[in-house]
Structure formats: structure tokens, C-alpha cells
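Structure, as C-alpha cells:
There are 2 protein chains.
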Amino acid sequence: MSERKRATIRDVAEATGLALSTVSNALAGKHYVTDETRTLVQQAAERLGYRASAVARGLRMRRSFAIGVLIADVANPSSADFVRGVEDVAMAEKCSLFLCNTDGDEERQIWHMRTLLDRQVDGMVLISQHCSSSAVRAFLGGDPPFVLIQRRNFDHRDDYVGSDNVTGLSQALRHLHDLGHQRIGFVRGPADSSSALERLQTFQSHVASLGFHDDPDLIFPGDYTFAAGVAAADRLLRLRRPPTAIFASSDMNAMGVIETAATAGLNVPSDLSVVGLDDIALAAFRSINLTTVRLRKREMGVAAATLLMQRIRERTEPGSEQIFPTDLIVRGSTCPPARPARGARPRRSEVTLG
Amino acid sequence: MSERKRATIRDVAEATGLALSTVSNALAGKHYVTDETRTLVQQAAERLGYRASAVARGLRMRRSFAIGVLIADVANPSSADFVRGVEDVAMAEKCSLFLCNTDGDEERQIWHMRTLLDRQVDGMVLISQHCSSSAVRAFLGGDPPFVLIQRRNFDHRDDYVGSDNVTGLSQALRHLHDLGHQRIGFVRGPADSSSALERLQTFQSHVASLGFHDDPDLIFPGDYTFAAGVAAADRLLRLRRPPTAIFASSDMNAMGVIETAATAGLNVPSDLSVVGLDDIALAAFRSINLTTVRLRKREMGVAAATLLMQRIRERTEPGSEQIFPTDLIVRGSTCPPARPARGARPRRSEVTLG
DNA sequence: TTGTAAGCGTTATCAA
DNA sequence: TTGATAACGCTTACAA
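Chains A and B, in that order, give the protein sequences. The first sequence stops at residue 371 when you use my numbering, and every number in between is there. The second sequence stops at residue 371 when you use my numbering, and every number in between is there.
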């Protein structure tokens with residue numbers, strides 16, 4: 018293949034004796050090109066192994082046929098599914114995908130957005146990214162369209178694909194209430210996430226309506242990582258009156274909570290119920306068996322990319338919002354609380370493997 | 018920001034009254050440009066919000082400052098870490114990264130490679146991809162340099178970053194042998210993976226040297242997915258004389274084995290020992306606690322990208338190989354086999370959570 | 001040290 | 001229906 022220099026459209030023109038523009042038009046499928054010239058061109062192109070340079074085309078058409086995807090970390094199983102969904106439709110639309118890991122760091126995000134703009138991406142998908150500060154907003158003019166996933170800013174009419182942050186959580190809280198829990202620890206999620214905020218509000222309204230203990234100490238400001246789950250449990254379980262159940266900010270976060278609980282000699286669920294949020298693959302494993310609120314991540318990625326492609330094509334005004342349903346998947350990490358929650362001496366956890 | 022049209026280098030030239038080329042040279046940091054003109058240019062560029070178009074630059078320099086990464090599926094936790102490692106160094110080198118999911122499908126891989134070439138990527142990283150068929154080889158000339166990860170072709174002197182497929186596995190087999198296992202099931206991994214083949218050979222040589230049962234039925238041709246683990250266990254556990262231990266092709270694969278064993282009423286490890294390969298985050302969780310052979314994936318991604326960048330810069334001949342160490346992490350999914358392996362009526366598995 | 005001009009490989013405009 | 005030509009925005013000889 019790339020032994021010799023790549024054939025250009027000029028080579029095809031010379032090979033056929035036609036003009037550059039005719040070759041271009043023939044290949045672009047313009048209707049007014051004769052069938053015979055078209056086949057002539059196609060055959061020559063085939064023979065020479067000609068493929069149009071996406072770079073030259075991009076320069077001329079001011080369209081790169083590529084989109085940028087910003088995400089905290091693809092290596093976090095909680096979020097990779099979104100990316101996969103986006104790629105599915107990008108590929109179908111013959112768009113390539115620039116992957117950008119921001120680690121939730123605003124500066125890093127801005128750096129990536131800047132280079133995406135330099136590359137004239139046709140659009141961007143921001144998965145749980147910063148979208149409010151003026152530094153970030155400077156890149157969120159209408160020009161390259163963008164779609165937000167999971168994190169939005171109500172001051173702007175952006176395109177948004179999110180989850181119903183009320184229903185699933187509300188089912189989860191009712192579930193815990195029905196089991197008899199009264200003190201629920203809550204891991205809040207990233208500070209400036211709209212979804213995390215909506216969940217917090219849902220939580221707080223249920224604290225009131227279901228009569229849970231209203232104690233600010235029960236709310237911990239961790240993010241979606243495993244480490245944050247460790248930190249949260251570390252803190253919450255040391256409270257003078259620890260919670261009997263913890264609602265984590267994500268499944269990975271829940272795993273951190275469970276690990277820490279186990280380290281402290283507490284068994285899940287008999288000593289502590291834990292509810293996650295995501296329904297990642299491992300949540301369903303028998304040995305994990307995590308009760309969790311399911312998010313339709315891949316579908317959401319598909320929806321976001323589909324919408325983005327539409328905006329790119331039609332240049333219509335943003336402001337659409339698509340909310341995906343959430344539902345509680347009850348598994349084995351929740352059960353009624355142990356009798357006397359106070360000062361209970363921890364029981365040794367029963368470990369399945371080893 | 019993108020309210021008005023982007024400023025071009027021409028705008029900067031006009032604003033300063035200098036020539037385009039001078040502006041370009043000043044911004045490119047050419048040493049012969051006067052300090053005062055340089056600052057003049059820089060200030061004007063700053064003021065106008067000028068940023069060079071990566072597309073135009075790419076066309077002219079025939080270099081896109083972007084690399085392609087091909088992977089089966091980013092959403093599979095077994096492989097996402099490689100990508101993260103690659104992105105770490107790409108970003109440091111101001112390169113962007115095109116992500117391509119191939120699902121292990123050769124046609125899909127070829128489609129992606131073709132478009133990467135159309136985009137004139139500076140290089141490619143192929144993570145466990147096809148690299149032998151002539152259809153694929155057609156894209157693997159020297160021209161855009163590439164680095165293979167985990168899967169190679171010995172007929173070609175390619176750059177390769179891989180794992181030591183002997184040491185870790187060999188430790189694992191010795192470990193099983195020391196525990197008293199004699200019938201080991203083995204999930205082979207993808208058919209045309211060199212690493213999978215090396216592991217199979219290692220396995221077979223140990224079958225001989227350690228005196229394991231040499232039974233072709235014990236070798237199952239599954240890939241790295243969870244589903245393949247399910248299929249493998251489904252098959253292996255139904256053998257007239259089932260194995261007392263299974264060596265999976267990956268951690269996700271091992272999880273499939275464990276799930277299926279549990280469904281069949283078998284407890285891991287007391288009824289069946291399972292060894293994985295990867296050491297993904299969840300393997301260390303107390304409730305999973307998987308004995309596994311650790312792969313240094315993120316480091317390998319970093320190494321591959323670093324090597325690729327060097328090739329891009331120096332255009333030196335490929336053929337380097339970097340083999341990363343592997344080691345056995347003994348956790349709780351392995352133990353001595355149950356007494357009479359034959360016709361043993363399965364014991365109910367002890368499930369930790371619910 | 002700076003300026004002029006050519007060219008990277010396309011597509012779009014307009015004549016023929 | 002096809003062909004000549006001008007951009008697209010940059011870098012790089014080469015001339016001044």
C-alpha cells in the first residue's frame with residue numbers, strides 16, 4: 018500500500034484525461050455527471066488506489082468529519098459505555114472520533130477543547146464535563162455544535178442528554194425505607210454536576226417525606242471514583258451514629274464503600290446496605306450482586322451522537338433535552354438494618370472467595 | 018469565542034503590518050526572528066485570539082499531529098487501560114488521538130485503518146488487532162509507523178510491546194500444581210493472537226513437565242469476553258471428567274467462568290479454582306478476590322506511544338520489542354481441589370451478598 | 001532579518 | 001455536462 022506516494026485526484030484526472038473538477042464531481046456523485054464518465058473515473062480511482070485526502074477536503078469544506086468526545090477517564094468502567102455509544106453512530110456517519118480524557122480537571126478540559134477547535138471538529142460530546150465557568154463557556158458558542166451528557170447548565174439552552182435523576186433514586190430510597198432504614202448516607206457526586214445536584218435534591222426531598230434522619234453529616238461530597246467511595250465510607254462509618262445504608266454516587270464508588278466497610282469488619286448487606294448507580298457489568302456478578310440504579314449509558318451515547326449529527330447537518334438551534342429513564346435493580350447489597358445500629362460491634366464479614 | 022469567524026494568520030499579518038511568512042516564522046519560534054517582531058506578533062495573535070488551523074497545517078506539513086488507536090472495545094475493562102496509557106503520552110506530545118473500536122472484526126478494523134490513513138495520521142497503535150492477513154498487511158507498510166500491542170506477527174519485523182507470556186502463567190500453573198490440581202481447563206484466547214498462542218504453548222509445556230492431564234477437551238477456544246467465559250465453563254464443567262481448575266483468557270473471561278460455575282451450583286474456589294489474566298480493578302475487590310496474572314497495561318500503552326512518537330520523529334526502522342513482566346497475584350479464587358473430583362455432587366455456593 | 005510566492009489536495013464557482 | 005481557476009490557511013524555499 019503506502020509503498021509509493023498516495024495517488025491524488027490529479028493522478029486520477031491525468032489517468033482519465035478528465036479535469037480535476039470532473040473527477041471530483043464524479044466521485045462526489047453529482048447527478049449531472051454522465052454514467053460513462055463516472056464509471057471511467059471510478060475504475061481509474063480503483064486502479065490507482067485513490068482515496069481522497071480527508072485533510073485537504075477538511076480544509077476546503079471547513080468540515081473535518083470528526084467529532085470530539087470529552088470524558089473524565091475511559092478507563093473508568095462507569096463511563097466508557099457512553100463513548101462506545103457515541104462511536105457507534107459516529108462510525109455509521111463516517112465520522113471519526115477524537116478521544117479526550119480530562120480527569121475532571123477544568124484546565125485539562127479547556128486544553129482539549131481548544132485543540133479540538135483547532136482541528137475544526139464538526140461537533141463535540143461532553144460527558145460529565147464542566148459546562149458553566151466562563152472559561153469553558155468561551156468554547157461553547159453555537160459554532161461547533163455540542164451535546165452535553167449527564168451534566169448541564171440551566172442558564173443556557175444547550176442540547177442535553179441526561180438521566181431521570183428522580184425516579185430511580187426515589188425507588189431506591191423507598192426501597193431502603195421499606196426495608197426499615199432510617200439513617201442513609203449519601204455520596205453527593207462531583208461538586209458542579211447538575212445530575213449530582215438533582216440527585217441530592219431528590220434525596221433531600223425524600224429525607225423529608227419518608228422521615229429519614231436529616232443530618233448534614235450523612236452527606237459526603239465524593240465523586241464517581243472508587244477512591245471517593247473509600248473516603249466516603251471511611252468518614253461515614255466513623256460517625257458517632259453511622260448510617261445503616263449508603264447511597265453511592267456510582268457503582269465504582271459503591272465498590273469503594275463496600276471494600277472499606279469490609280475492611281472495617283462490616284458485612285454488606287447485613288451490617289450496611291449499599292446502593293450504587295450505573296449498573297456496570299460487574300454489578301450483576303453473583304459475588305458483587307449490587308443493588309443499583311440503572312443508567313442507559315450506551316443508549317445515551319447513541320442519542321447524543323445522533324442529535325449532534327443532526328445539528329451538524331441542519332444547523333438547527335440547540336435546546337433539546339432527552340431524559341432517559343432510570344430504574345432500581347434490586348440485588349443483594351441491600352437488606353433490613355441490623356437490630357441496634359448504635360455502637361454495634363462489627364461482625365466479621367463473610368468472604369466468599371478465600 | 019466562536020461568535021465571529023476564527024482569526025487566520027493573514028489577520029495577524031495585517032494587524033501587525035508584517036508578512037504572513039514572518040508571522041508564521043515568529044510563531045514557530047525560528048531563531049532569526051527579532052525579539053521585538055516576535056513579541057509584536059505574539060501580542061497581536063493573543064489579541065485576535067489567533068490559533069493556527071491544524072487542518073491547514075496538516076495539509077501543508079503532511080503531518081496531522083494525530084495518531085490512531087485500534088482496540089476491540091473500549092467498554093471492555095480488560096483493554097481500556099492500554100488506551101489511557103497511549104493518551105497520556107499523546108497528549109504530552111500535543112498529539113490527538115483517534116479512537117477506533119473494531120470488536121475484533123477484521124473488516125471493521127480495515128475500514129478504520131483506511132480512514133485513519135485518509136486522515137494522514139502520524140502513526141497507529143494496534144491493541145490486540147489482526148496483523149497477519151494480507152488484507153491488513155496492506156495497510157502496514159512502513160509509511161505511517163505503527164506499534165503492535167499484545168498481538169504480533171513473527172514474519173515481520175514490527176515494533177511490538179507485549180507481555181511476558183511465560184513467567185506469570187508458569188507461576189500460575191505451578192501454583193495450581195502445588196495446590197494439588199491435575200486437570201486444568203484452559204481458555205485459549207482469540208484464534209490469531211500471538212500472545213494467546215504463546216500462552217497455550219506455555220500451558221502445554223507445563224502440562225508435560227508438571228504432569229497435568231493431557232486432554233485436548235480441556236482446551237477451549239474462547240476469547241477475552243465475559244460471554245466466552247460463560248461458554249467455556251458451560252462446556253468444561255459438563256465434561257465427563259471436568260477440570261478442578263480453569264485458567265481463563267482474561268479477568269472478564271474468568272468472571273464468566275465464575276458466574277457459570279456458580280449457576281451450576283459450584284463454589285469457587287472450593288469446587289473449582291479459577292485464575293484470570295489482567296488484574297483489572299475489580300479483581301482485587303474483596304468479594305471477587307480473583308487470583309490472576311497481572312499485566313502492566315497502562316505502562317504498556319505508555320511504552321507503545323512513546324516508541325511510536327520516536328519513530329514518527331526519527332523515522333528509524335521498526336523491529337524493537339519490549340516485553341513487560343507478568344506476575345501471579347494469588348488471591349482467593351484458588352485453593353486445593355475437593356477430594357473426589359469424579360461425579361462429585363455440586364455443593365451449594367456460598368454467596369456473600371444476598 | 002523580512003517579504004514574495006509556490007504548493008499541500010480538495011471542492012466550489014463560473015464559463016464554455 | 002465538462003473544464004479552468006480560485007480559494008481553504010498554512011509552511012517553506014528562495015529572493016530581497
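Beta carbons are placed, not taken as given, at the ideal position from N, Cα and C, and that holds for glycine. Values in this document were obtained by computation on a predicted structure and should not be read as measured data.
Of all residues in the stretch 114-148 of chain A, the ones placed with a Cβ closer than 9 Å to any Cβ belonging to chain B are Leu114, Phe115, Leu116, Cys117, Asn118, Arg125, Trp128, His129, Arg131, Thr132, Leu133, Leu134, Asp135, Arg136, Gln137, in chain order. The criterion of a C-beta distance shorter than 8 Å is satisfied by valine 142(B) and valine 164(B). With the rule of 3 Cβ pairs closer than 8 Å, the stretch 304-319 of chain B counts as touching the stretch 95-106 of chain B. CA-to-CA, the gap between leucine 196(B) and alanine 262(B) works out to about 10 Å. In terms of beta-carbon proximity, glutamate 63(A) stays away from the interface with chain B, with every pair separated by 8 Å or more. Non-local C-beta neighbours of alanine 30(B) in its own chain, meaning closer than 8 Å and more than five positions away in sequence, comprise Ala36, Leu37, Thr39, Val40, ordered along the chain.
At a C-beta separation below 7 Å, glycine 75(B) has these neighbours in chain A: Val72. For serine 290(B), the three-state secondary structure derived from DSSP is strand. For the stretch 163-179 of chain B, no residue has a beta-carbon sitting nearer than 7 Å to a beta-carbon of chain A.
Per DSSP, the beta-bridge partners of methionine 141(A) are Gly85(A), Phe163(A). Around the beta-carbon of arginine 348(B), 16 or more other beta-carbon atoms lie within 10 Å, marking it buried. At least one CB atom of chain B sits nearer than 8 Å to the CB of methionine 272(A). With a cut-off of 8 Å on Cβ pairs, the stretch 229-244 of chain A is not in contact with the stretch 173-182 of chain A, counting fewer than three such pairs. Between methionine 326(B) and asparagine 93(B), the C-beta gap is not smaller than 8 Å, which leaves the two residues out of contact. Residues of the same chain with a CB within less than 8 Å of the CB of alanine 152(B), apart from the 5 flanking positions on each side, are Glu123, Ile127 in chain order.
Relative to the Cα of isoleucine 84(B), the nearest Cα in the group Leu116(B), Arg313(B), Ala271(B) belongs to Leu116(B).
Counting along the chain, the unbroken beta strand (DSSP E) around leucine 116(A) starts and ends at 113-118. Burial state of glycine 185(A) is buried, judged by a 10 Å Cβ sphere holding 16 or more other Cβ atoms. Of all residues in the stretch 195-220 of chain A, none is placed with a Cβ closer than 8 Å to any Cβ belonging to chain B. Secondary structure note for valine 153(B): its alpha helix (DSSP H) is the uninterrupted segment 151-154.
The closest CA to that of alanine 62(B), considering only Arg74(B), Met78(B), Ala45(B), is found on Ala45(B). Restricted to the stretch 271-339 of chain B, the alpha helix (DSSP H) segments that are unbroken, complete and at least 4 residues in length are 314-331, listed in chain order. Between the C-alpha atoms of arginine 74(A) and glycine 206(B) there is a straight-line separation of about 41 Å. Secondary structure at valine 347(B): coil, using DSSP grouped into helix, strand and coil. Leaving aside the five residues that flank tyrosine 49(A) on each side, the residues in its chain whose CB is nearer than 8 Å to its CB run, in chain order, Asn42. For the pair leucine 253(B) and phenylalanine 237(B), the CB atoms are nearer than the 8 Å cut-off.
Any Cβ of chain A closer than 8 Å to the Cβ of serine 95(B) would place that residue at the interface, and such an atom is absent. No Cβ of chain B is located within less than 8 Å of the beta carbon of alanine 320(A).
Of all alpha-carbon atoms in Leu157(A), Lys22(A), Ala249(A), the one lying nearest the alpha-carbon of alanine 271(A) is that of Ala249(A). By the beta-carbon neighbour count (other beta carbons within 10 angstroms, threshold 16), methionine 130(A) is buried. Contact of alanine 265(A) with chain B is not assigned, every C-beta pair being separated by 8 Å or more. Excluding the 5 residues flanking it on each side, aspartate 209(B) has same chain C-beta neighbours closer than 8 Å at His147, Ser149, Arg168, in chain order. Burial is judged here by how many other beta carbons sit within 10 angstroms of a residue's own beta carbon; glycine 293(B) has at least 16 and is buried. The Cβ of phenylalanine 237(A) sits no closer than 8 Å to any Cβ of chain B. Rounded to whole angstroms, the gap between the alpha carbons of serine 187(A) and leucine 87(B) is 41 Å. Per the DSSP secondary-structure output, phenylalanine 237(A) pairs in a beta bridge with Val204(A).
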